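The opening position of the sequence shown corresponds to residue 0 in numbering that gives the first Met the number 0, with each subsequent residue numbered one higher.
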Amino acid sequence: MSPSSFSIASTLSPASLAGTLVSNSKTVLGSGSIYWKNNDATKTNRNLKYNRVCSVSGEFNTPLEKNVPFPRDYFELINQAKQAVELALKDEKQLMEIEFPTSGLASVPGDGEGATEMTESMNMIHQFCDRLISPEKARTTRIFFPEANEVKFAQKTIFEGTYFKLDYLTKPSLFEDFGFFERVKMADRVKPEDQLFLVAYPYFNVNEMLVVEELYKEAVVNTDRKLIIFNGELDRIRSGYYPKFFYPKLGALTETLLPKMETVYYIHNFKGQKGGVLFRCYPGPWQVLRRTRNSCICVHQQETMPSLKEVALNILASA
């Protein structure tokens, strides 16, 4: 069946979108795109303001310009993130970050329930990996989830039957109810054939990012391997959300791990009367956008990442 007989409904939420990927036998994957039959694209996401049905013949594989426009839907978002990573890989970036909200393109962390946001991130990771990674390279890609139970959930649902290697950063201990988890030694998890690591939302437990640093030091540095952190909410660490006095190792990441990282795709929304968006798609600049009724207008851009405080109090306040 030709691609012209398919269409995409951009109003699907990430959860319902990947639910179609898992359960719908009519799903077709080809040429880095995801297609649905017309009669399957019926659910809508109330958080998305852009209601667009479009042909998929080539639209989502167009080359990125330096100043990429803000995505109109999650289909464009995943395609932009995929192409940003591809360009970063060509530039030999080893440590990369992807960060965007999953409860709607205008949402902020916390708008959705925590477990729901994690599940939606899992859905988006599935779509992202399907587009970025060819089938023959799936077995050399290891996806790390926060803990062992999350891997079991992924294997039974969204990643059922996948060729990707699914792994975990921590596993429950006898004191799980008190917030204690057992760290996993990364040297015991990594295999010689692994080429790409993708770490899924490592923010629920403070130890998770410390394990990510260990993974980077032991399995990525001085190798050809790459590591992508997907929706890790690293702004918590950048902004000092975790006081260094109580979390010295986590605070040290701002001087050790984070400076080595390239944020290849990023969306952070600011709400309120002077709200807007901080947006970046590699290799383009950081853009501060002001939302209008039907579009986003760039009011400021720069080559380096501004702090969220600077964007909220200085750039958007004076725009």
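All residues carry an ideal CB built from backbone N, CA and C; glycine is no exception. Since this is a predicted model, take the numbers as computed values, not measurements.
For residue i, which residues of its own chain have a beta-carbon under 7 Å away from its beta-carbon, when the five flanking residues on both sides are left out?
i, result
"Tyr246", "Val205"
Which of the three DSSP states, helix, strand or coil, is assigned to residue i?
i, result
"Met304", "coil"
"Arg130", "helix"
"Leu157", "Leu is not the amino acid found at residue 157; the sequence shown has Ile there. The answer is coil: DSSP assigns Ile157 none of H, G, I, E or B."
"Leu168", "strand"
"Val84", "helix"
"Leu16", "Unreliable placement is indicated for Leu16, whose pLDDT of 43 sits below 50; no coordinate value is reported for it."
"Val220", "coil"
"Gln286", "strand"
"Lys151", "helix"
"Tyr162", "coil"
"Glu212", "helix"
"Gly103", "coil"
"Gly239", "coil"
"Tyr73", "helix"
"Lys248", "helix"
"Gly109", "coil"
"Asn122", "helix"
"Asn78", "helix"
Classify residue i: buried if its beta carbon has 16 or more other beta carbons within 10 angstroms, exposed otherwise.
i, result
"Ile97", "buried"
"Leu312", "exposed"
"Lys243", "exposed"
"Pro191", "exposed"
"Val310", "buried"
"Asp187", "exposed"
"Val189", "buried"
"Tyr34", "Unreliable positioning characterises Tyr34 in this predicted model, as indicated by a pLDDT of 28, which lies under 50. The coordinate reading is nonetheless provided below. Buried is the call here."
"Ser133", "exposed"
"Ser102", "buried"
"Arg71", "buried"
"Ile349", "No answer is possible for residue 349: the residues shown for the chain start at 0 and end at 318."
"Gly271", "exposed"
"Glu91", "exposed"
"Thr118", "buried"
"Leu173", "Here Leu173 scores only 44 on pLDDT, less than 50, and its place in the model should not be relied on; the value that follows carries that caveat. Burial call: exposed."
Leaving aside the five residues before and after residue i along the sequence, list all residues of the same chain whose C-beta is less than 6 Å from its C-beta, in chain order.
i, result
"Thr222", "none"
"Ser30", "Residue confidence for Ser30 is low, a pLDDT of 32 falling below 50, so the modelled location carries little weight and cannot support an answer."
"Asn256", "Here residue 256 turns out to be Leu, not Asn, going by the sequence shown. Taken in chain order, the residues that qualify are Glu212."
Pull up the DSSP beta-bridge partners for residue i, would you.
i, result
"Met185", "DSSP, once it has assigned bridges, lists no residue as partnering Met185."
"Phe229", "Ile97, Ala199"
"Thr140", "Leu195"
"Thr262", "Glu96"
"His267", "Leu277"
"Glu146", "Thr169"
"His299", "Val287"
Please decide whether residue i counts as near chain D, where near means a Cβ-Cβ distance under 8 Å.
i, result
"Met304", "Structure shown: chain D not included; a single protein chain is present."
For residue i, which of the options has the nearest alpha-carbon?
i, options, result
"Met123", "Gln93, Ala105, Ile157", "Ile157"
"Lys273", "Gly239, Ala83, Ile314", "Ile314"
"Leu168", "Met185, Phe152, Gly275", "Met185"
"Pro100", "Glu91, Leu94, Thr115", "Thr115"
"Leu226", "Gln300, Glu213, Ile77, Ser106", "Glu213"
"Gln154", "His125, Glu135, Lys170, Lys136", "His125"
"Ile142", "Arg130, Met121, Gly275", "Met121"
"Thr303", "Arg290, Pro284, Ala318, Thr291", "Pro284"
"Leu131", "Phe152, Glu85, Glu112", "Glu85"
In chain order, what residues of the same chain have a beta carbon less than 8 Å from the beta carbon of residue i, not counting five sequence neighbours either side?
i, result
"Arg224", "Gln93, Asp193, Gln194, Leu195, Phe196, Ala218"
"Ala87", "Met95, Glu261, Val263, Tyr281, Pro282"
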